[in-house]
Each structure stands twice: as C-alpha cells, then as structure tokens.
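Taking it in order: structure first as structure tokens, then the write-up.
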Amino acid sequence: MGNSKRRISVKRKRQFRGNGFTKNDSKNSTVTANASASKLNLSAILDEEIAEYENKPLTGNRIIDIELLLCSILQLCCPKCFHDGLLLHEDSRYGLCSSFAIKCKHCDFCTGFSSSKKTLNYPEINARFVYAMRQIGKGFSAAYKLCATLNLPRLSKTAYTNHENKLMSVISEVSELSMQKAAKEVLNIHPSKNKLAECGVSVDGTWQRRGYTSMNGCVAALSIGTGKVVDIEIMSSYCPTYRKLSKMPKGIVSETLEADHVCRSNFKGSSLKMKAVGANRIFKRSIVKRGLKYSHYYGDGDSKGFISVKDTYGKDSVTKQECIGHVQKRVGARLGKLK
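Each residue of the sequence shown is one higher than the one before, counting from 100 in my numbering.
Structure representation (structure tokens):
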C-alpha cells in the first residue's frame, strides 16, 4: 500500500475552437446578420405596399353579396362602447342604390352610408346602368332580366324611362358640341377667306332592324380629312303618342289633345328611302349649321343618296367618289361568280 502511487486528477486545458483573429463567432454573426436583413427586407416590402395603396386607392363599383358584408360587420367593434356585434340595416332603396345604417346593439351608436355616389341627389349607379344598357342596344326588358339573374334590385319602368330621357338630353348636347368641334377642325385644315371650306364627306346610314321594315334609322356624315362625324340625321316613322290616340274612341280624343301632342315622327315612307332623305337634309344645312360645303360625296355604291344631293349648291355642284373598299367587294363578288 505504501508503494502505490496516489492518482492525482488534473483538468485538461479546453481546446479553442473559434477564430483566433476575430473576437466574435462567425456562425453567430452570420445568423444575426441574416435575421436583421430579413427584417429590413420585410419592412421594405411593407413600405412599398403601403405606398402603392396610397398612390392607387380603391375606386369604382363592385358587386358584393350582402350576407358576406353582414358577417364582416358583425366582427367589428363599436367605436363608442367598444363592444362587438354591430348590425347592418337597409333604410331605403332606389334602383341599384341602397341606403344602409350601422347600429350598435349595446349603445346608441348609429351611422349611415349609401352604396353609390350621388350627383344632384341622384344615385350615379342607376344612370350608369341605364346608359350601359343603351350602349349595347338593350332596353328595360333586358335590364329587368339581367337584374333578376344577378339577384340585384331593379329600377321601375317609370324610373328607367326618366333616366333615359335625362340621358337623351345630355347626350344630344354633348354630341352636338363634338360635331361642332369636328367641323372647326375641318375649317382649320381647309382655310378660306369667306369662312366657308369645301370638303369631302362619307355618307352612310344605319337602321334599327334589318330589312325594309325598320321604323327608325340614322344617317351620318364623316369628314374624309379628319375621319370624325360632322353631322347626323335621326329619322323615325313611328310616334307612340299618335298611335295611342288613333286607338282611342273618336268621342274621347279631342282636337286640342291631338294637336297638342309632340309628334316624334319626322319621316314618312319606306325605310329604304331614309338614307337619301337624311343625306339631303344634312347637305342642305351644311353651310348654315357647320360652315362647310360638302363638295365631294363618298358613297358605298348606292346612287340614290348621291342623286338626292348632287344639286344642293347648284347644278352638279357635288361630285361623287367611290369607296375603294366597296368597289373591291363588289368586283370581287362578281369575279367569284364567273369561276
């Protein structure tokens, strides 16, 4: 036992595993740098989204399910008592526009808003809807079916007609100003001392229905120099008021009532003659109304329109020019038959 050596435990020196030339660990510094960079990148993205939202705010109209709107409002809290459970009520409705009220069931908080902007106390969405239906050539029946299919509220027949009449007066005024501006552009292209410019126009007509039974038609004159419409003539052989009066018994219809009604018909005859009559009216008022002299008539091969206007400003004062596109179509069709 005395010869046995006593074991002494000695702690080994800890081996250095870091970078001897830097004070910090490279791995930890990389992780810290990556985390900071990701935070900076995220904040930069959020700043860009906020800036984009501020520069491009939400505008326009949307079709939204009212039940989804109710569920979203129920999740909001009252700004007065800070309780959740706000309720949405529809106070009134006019066509596609509704007036809503948000009420709190815990306090007396209440605020209202409309689903559409208003111009002169009229909802903008109703005017846009009627104008859109007229743009695609549809009327009240098509608008009724569209609203029923989309489960939307609709305008009544009276309200729809009132909007049509208001749009008609505005569109007529704007179109007249546009044609006057187009005529001034032609005067600038062809200046003259007596403020009367000679120019060429392309005249063509369109009808509400195909065939020769249409009661409504329109003739337009387009400037060859600018390609813009300088004048139009709308013709109709139908008057709804006169038709109603003609079906009433003679004892009820008085001479005063028949004479006081404003007749909407300004043409009598076949719809085939509308183009010639409309072109003649446009050419006759060109000097007084537009300050232009339509000396060149560009047609589509139909000679009836040219015959009605060739002597407008004197004997053979208007010359006829054929549209190369229509000539090509006619010649090509006849050459095809010869094969």
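Each residue gets a CB set at the ideal place from its N, CA and C atoms; glycine is no exception.
To the nearest angstrom, how far is the alpha carbon of residue 336 from that of residue 271? Here residue 336 refers to the residue found at position 237 when the sequence shown is read from its first residue. Here residue 271 refers to the residue found at position 172 when the sequence shown is read from its first residue. Distance between the alpha carbons of residue 336 and residue 271: 20 Å.
Going by DSSP in three states, residue 405 sits in which element: helix, strand or coil? Residue mapping note: residue 405 aligns to position 306 of the sequence shown, counting from 1. Of the three classes helix, strand and coil, the one that applies to residue 405 here is helix, per DSSP.
When 316, 313 and 322 are compared against residue 278, the one with the closest alpha-carbon: Numbered from its first residue, the sequence shown carries residue 278 at position 179. Taking only the C-alpha atoms, the option nearest residue 278 is 322.
Can you name the residues that DSSP bridges to residue 335? Here the question's residue 335 lines up with position 236 in the sequence shown. Residue 335 pairs with 315.
Pull up the CB-CB distance for residue 404 and residue 328, whole angstroms please, since I reckon it's below 8 Å. By 1-based counting over the sequence shown, the position of residue 404 is 305. By 1-based counting over the sequence shown, the position of residue 328 is 229. With 8 Å as the limit, residue 404 and residue 328 do not qualify as a contact, their Cβ atoms being about 16 Å apart.
Comparing alpha-carbon positions, which option in 419, 160, 232 and 408 lies nearest residue 399? To locate residue 399, count along the sequence shown from 1; it is residue 300. Checking every option, the nearest Cα to that of residue 399 belongs to 419.
Report all residues from its chain with a CB closer than 8 Å to the CB of residue 175; omit the five preceding and five following residues, and keep chain order. Here residue 175 is taken as the residue at index 76 of the sequence shown, counted from 1. Hits under 8 Å: 183 and 185.
Does residue 226 have its Cβ less than 8 Å from a Cβ in chain C? As a matter of chain content, chain C is missing from the structure shown, which is built from one protein chain.
Can you pull the DSSP bridge partners for residue 382? The sequence position of residue 382 within the sequence shown is 283, counting from 1. BP columns for residue 382 are empty, so no partner.
Quick one: Cα of residue 215 to Cα of residue 169, how far? Taking the first residue of the sequence shown as position 1, residue 215 is located at position 116. Taking the first residue of the sequence shown as position 1, residue 169 is located at position 70. Taking the straight line from one Cα to the other gives about 18 Å.
Does the Cβ of residue 346 lie closer than 7 Å to at least one heavy atom of the ligand ATP? The model depicted lacks the ligand ATP and carries no ligand whatsoever.
If distances are taken between C-alpha atoms only, which option among 228, 221 and 208 comes closest to residue 160? Taking the sequence shown and counting its residues from 1, one reaches residue 160 at position 61. Nearest neighbour of residue 160 by Cα position, chosen from 228, 221 and 208, turns out to be 228.
Under 8 Å between the Cβ atoms of residue 296 and residue 392? Taking the first residue of the sequence shown as 1, we reach residue 296 at position 197. Taking the first residue of the sequence shown as 1, we reach residue 392 at position 293. Going by C-beta atoms, residue 296 is nearer than 8 Å to residue 392.
Distance check for residue 402 and residue 368, CA to CA, integer angstroms please. Against the sequence shown, residue 368 aligns to sequence position 269. Against the sequence shown, residue 402 aligns to sequence position 303. Roughly 18 Å between the two C-alpha positions.
Can you tell me the Cα-Cα spacing of residue 429 and residue 219, whole angstroms? The sequence position of residue 429 within the sequence shown is 330, counting from 1. The sequence position of residue 219 within the sequence shown is 120, counting from 1. Roughly 53 Å between the two C-alpha positions.
For residue 385, count the other beta carbons within 10 Å of its own beta carbon; 16 or more makes it buried, fewer makes it exposed. Which is it? Translated into the one-based positions of the sequence shown, residue 385 becomes position 286. Residue 385 comes out buried.
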